[in-house]
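One line per chain: the protein sequences are A and P, in this order.
Residues in the first sequence are numbered from 1 upward in steps of one, following UniProt numbering.
Residues in the second sequence are numbered from 1 upward in steps of one, following UniProt numbering.
Worksheet for the structure shown next.
2 protein chains.
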Amino acid sequence: MARIENLNLSQQVTNELGKAIINGHYTAESGLPTEAKLCEEYGISRTAVREAVKMLAAKGLISSRPRQGIRVEPANTWNLYDTSVLKWLLESSPSLHVLKEFLQVRLAIEPQAAALAARRGDKAAIAEIALALENMQAAADAPDGEIHEADLSFHTAILFASGNRFFFQLRDFIRTALNVSIQHTTPAKGSKKAIADEHFKVYQAILNGEPERAKNMMTYMIDEAMSFIEKEIADKEAKHIAK
Amino acid sequence: MARIENLNLSQQVTNELGKAIINGHYTAESGLPTEAKLCEEYGISRTAVREAVKMLAAKGLISSRPRQGIRVEPANTWNLYDTSVLKWLLESSPSLHVLKEFLQVRLAIEPQAAALAARRGDKAAIAEIALALENMQAAADAPDGEIHEADLSFHTAILFASGNRFFFQLRDFIRTALNVSIQHTTPAKGSKKAIADEHFKVYQAILNGEPERAKNMMTYMIDEAMSFIEKEIADKEAKHIAK
DNA sequence: TTTAACTAATTTGTATTATAATATTTTTAT
DNA sequence: ATAAAAATATTATAATACAAATTAGTTAAA
Numbered sequence: 001m002a003r004i005e006n007l008n009l010s011q012q013v014t015n016e017l018g019k020a021i022i023n024g025h026y027t028a029e030s031g032l033p034t035e036a037k038l039c040e041e042y043g044i045s046r047t048a049v050r051e052a053v054k055m056l057a058a059k060g061l062i063s064s065r066p067r068q069g070i071r072v073e074p075a076n077t078w079n080l081y082d083t084s085v086l087k088w089l090l091e092s093s094p095s096l097h098v099l100k101e102f103l104q105v106r107l108a109i110e111p112q113a114a115a116l117a118a119r120r121g122d123k124a125a126i127a128e129i130a131l132a133l134e135n136m137q138a139a140a141d142a143p144d145g146e147i148h149e150a151d152l153s154f155h156t157a158i159l160f161a162s163g164n165r166f167f168f169q170l171r172d173f174i175r176t177a178l179n180v181s182i183q184h185t186t187p188a189k190g191s192k193k194a195i196a197d198e199h200f201k202v203y204q205a206i207l208n209g210e211p212e213r214a215k216n217m218m219t220y221m222i223d224e225a226m227s228f229i230e231k232e233i234a235d236k237e238a239k240h241i242a243k
Numbered sequence: 001m002a003r004i005e006n007l008n009l010s011q012q013v014t015n016e017l018g019k020a021i022i023n024g025h026y027t028a029e030s031g032l033p034t035e036a037k038l039c040e041e042y043g044i045s046r047t048a049v050r051e052a053v054k055m056l057a058a059k060g061l062i063s064s065r066p067r068q069g070i071r072v073e074p075a076n077t078w079n080l081y082d083t084s085v086l087k088w089l090l091e092s093s094p095s096l097h098v099l100k101e102f103l104q105v106r107l108a109i110e111p112q113a114a115a116l117a118a119r120r121g122d123k124a125a126i127a128e129i130a131l132a133l134e135n136m137q138a139a140a141d142a143p144d145g146e147i148h149e150a151d152l153s154f155h156t157a158i159l160f161a162s163g164n165r166f167f168f169q170l171r172d173f174i175r176t177a178l179n180v181s182i183q184h185t186t187p188a189k190g191s192k193k194a195i196a197d198e199h200f201k202v203y204q205a206i207l208n209g210e211p212e213r214a215k216n217m218m219t220y221m222i223d224e225a226m227s228f229i230e231k232e233i234a235d236k237e238a239k240h241i242a243k
């Protein structure tokens, strides 16, 4: 079992089992081994196993009942907005298709969040956006500046500025989406400046209290990433057929 | 402790503690009592307490470390898209403001989902939408027909038809939002027909493969509910000031 | 006096064992 | 053959013990 830093036993087992469920090692048909067998398998006590089972149940992955054992719940009850579940999902499945789903969600959430931020006009929150933007611009100007972290902060700051808890809650989701995005887009050297400029336009619209404009600019930005990914998917399929 | 049907001990305790955390009985400053005290308080074994703690930790509400005890995590790490957490949140806080946040999320998600459903054009999934719509229309025609359940099914079917797992995952969220909505909108007798008609237009757009139109119609529908709620909030505040 | 090392106390983490509750399977009786 | 009863397997709950980690306090050394 991969020993992860600072995780106690039950958390480690939760990780292992979570991954195994999501990558299909355990299915709704097969179910999980009994607690007793899991104890043997991992060489740990029943206490630890049970706590792991409870955590996975809390995330919607499994349920357990006396005499029936531990069953895997159908995938559509898994809590995909749970950070761990999302991580396991990305580790196990080819990420290009998942990434497209991510972008669809971002395309729904982020433009609305930007519009709300513009309409709300919370000074402090907007200042946070400005701060992230400055870091982006600094990274764009520097020859080997790293724009990635600032980019993440920018998007997170907008979710926060929307004043809607449910939007802000998606920050990890969007952070993950952006991270996966990066892996598929190795941008040209010069493009950093262009990215920062686009982000600036979103910021400007929010600062000026122009909801529609903020929304449209954000939509444009994410849609660019989307068309990039769709092209990549098309390429891959073409290659696959060619084989 | 309120005895709920079919919930085992640790699940019941999870419920009690979850509510107590979200309604502010336990705060980030105060933290939770020690495991030992919780055992006493509820008159149960440490096993049950620990399993409850693990479940709450899995939902992002708490964390526990040796010697430090059980601490309440800041509210912005709570997994609001977890059905239980959402339920506790609604039970504890005045729902009008939360409802507005719900509608903002719906306004983000559902129009996009409708557009995707129209673009995707999955026959079987669209048939499900049609089925829900028929039930709505039947309820609208009957003098005391109950349109509520069919309404829920309609929206859920569209999320499913989007083909995006992350949208479909929000079905419980949207179901909850609609339920709260209903409590605040006691619609006139005649309006059932109007509601069914509006839903029909969304369906038609999806069936005809018109993403933009589906999106706009869905936006219109939710926006109506939003303006209703905003008016209600304004009324309430006016009354509050008048006092 | 200050600082370092050690000691003690508290609380969660893990293990073990035992019994209860629940649901399935097998056996038995009619 | 069917219904009832018993045996069985598995999770649910409980109780106890010790380990590990962290904090606070205390002592010893510089």
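Note that beta-carbon positions come from the ideal geometry of N, C-alpha and C, so glycine has one too.
Quick one: does residue i have its CB under 9 Å from some CB of chain A?
i, result
"S95/P", "no"
"E27/P", "Checking the displayed sequence, the identity of residue 27/P turns out to be Thr instead of Glu. Chain A, which has no Cβ nearer than 9 Å to the Cβ of T27/P, makes this no."
"Q112/P", "yes"
"F168/P", "yes"
"I109/P", "yes"
"N15/P", "no"
"W78/P", "yes"
"M136/P", "no"
"T47/P", "yes"
"Y81/P", "yes"
Residues of chain A with a CB under 9 Å from the CB of residue i: which are they?
i, result
"F154/P", "The premise fails here: F154/P is roughly 18 Å from chain A at the closest Cβ pair, so nothing lies under 9 Å."
In chain order, what residues of the same chain lie with their CB nearer than 6 Å to the CB of residue i, ignoring the 5 residues before and after it?
i, result
"A115/A", "P211, A214, K215"
"A113/A", "I158, L159, S162, F167"
"S10/A", "A48, E51, A52"
"E128/A", "A157"
"S92/P", "I22, N23"
"E196/A", "The question names Glu, but residue 196/A in the sequence shown is Ala. Excluding sequence neighbours, A196/A sits near M136, Q137, A140."
"G145/P", "A139"
"S153/A", "A132"
Residues in the same chain with beta-carbon distance under 8 Å from residue i, minus the five sequence neighbours each way, listed in chain order, please.
i, result
"T185/A", "A225, F228"
"K236/A", "L96"
"D172/A", "T83, L86"
"I233/A", "L96, H97, K100"
"R46/A", "E35, A36, C39"
"R3/P", "With a pLDDT of 40 at R3/P, under the threshold of 50, the modelled position of that residue is not reliable, and no figure is offered here."
List the residues of chain P whose Cβ lies closer than 7 Å to the Cβ of residue i, in chain order.
i, result
"A125/A", "The contacting residues do not exist; A125/A stays about 13 Å from chain P at best."
"A58/A", "M55, A58, K59"
Ignore the nearest five residues each way along the sequence and tell me which others in residue i's own chain have a CB closer than 7 Å to its CB.
i, result
"Y26/P", "A20, L32, V72"
"A118/P", "A205, I206, G209, E210, P211, A214"
"D151/P", "M136, L178"
"T219/A", "L107, P111"
"A165/P", "Note that residue 165/P is Arg in the sequence shown, not Ala. So no residue of the chain qualifies."
Quick one: which chain P residues come within Cβ less than 8 Å of residue i?
i, result
"N164/A", "E101, Q104, V105"
"S10/A", "K54"
Following the continuous alpha helix (DSSP H) through residue i, name the residue where it begins and the one where it ends.
i, result
"P45/P", "The residue you asked about is not Pro; residue 45/P is Ser in the sequence shown. Where S45/P is concerned, there is no enclosing alpha helix (DSSP H), given that its DSSP letter is neither H nor E."
"H240/A", "211 to 242"
"T156/A", "148 to 161"
Assuming residue i is part of the beta strand (DSSP E), what are its boundary residues?
i, result
"R71/P", "69 to 72"
"S64/P", "62 to 65"
Step through the CB atoms of chain P and report whether any lies within less than 9 Å of the CB of residue i.
i, result
"A75/A", "yes"
"E51/A", "yes"
"L116/A", "yes"
Query raised in the report: Is it true that the stretch 62 to 75 of chain A meets the stretch 30 to 42 of chain A, where meeting means three or more beta-carbon pairs spaced less than 8 Å apart?
Result: yes
Report task. Specify whether the stretch 77 to 95 of chain A and the stretch 58 to 65 of chain A touch according to this definition: at least 3 beta carbon pairs, one from each stretch, less than 8 Å apart. Result -> yes
Report task. Decide yes or no for the touch test of the stretch 132 to 143 of chain A against the stretch 100 to 110 of chain A: beta carbon pairs closer than 8 Å, at least 3 of them. Result -> no
Query raised in the report: Are there three or more Cβ pairs, one per stretch, closer than 8 Å when the stretch 164 to 183 of chain A is compared with the stretch 200 to 207 of chain A?
Result: no
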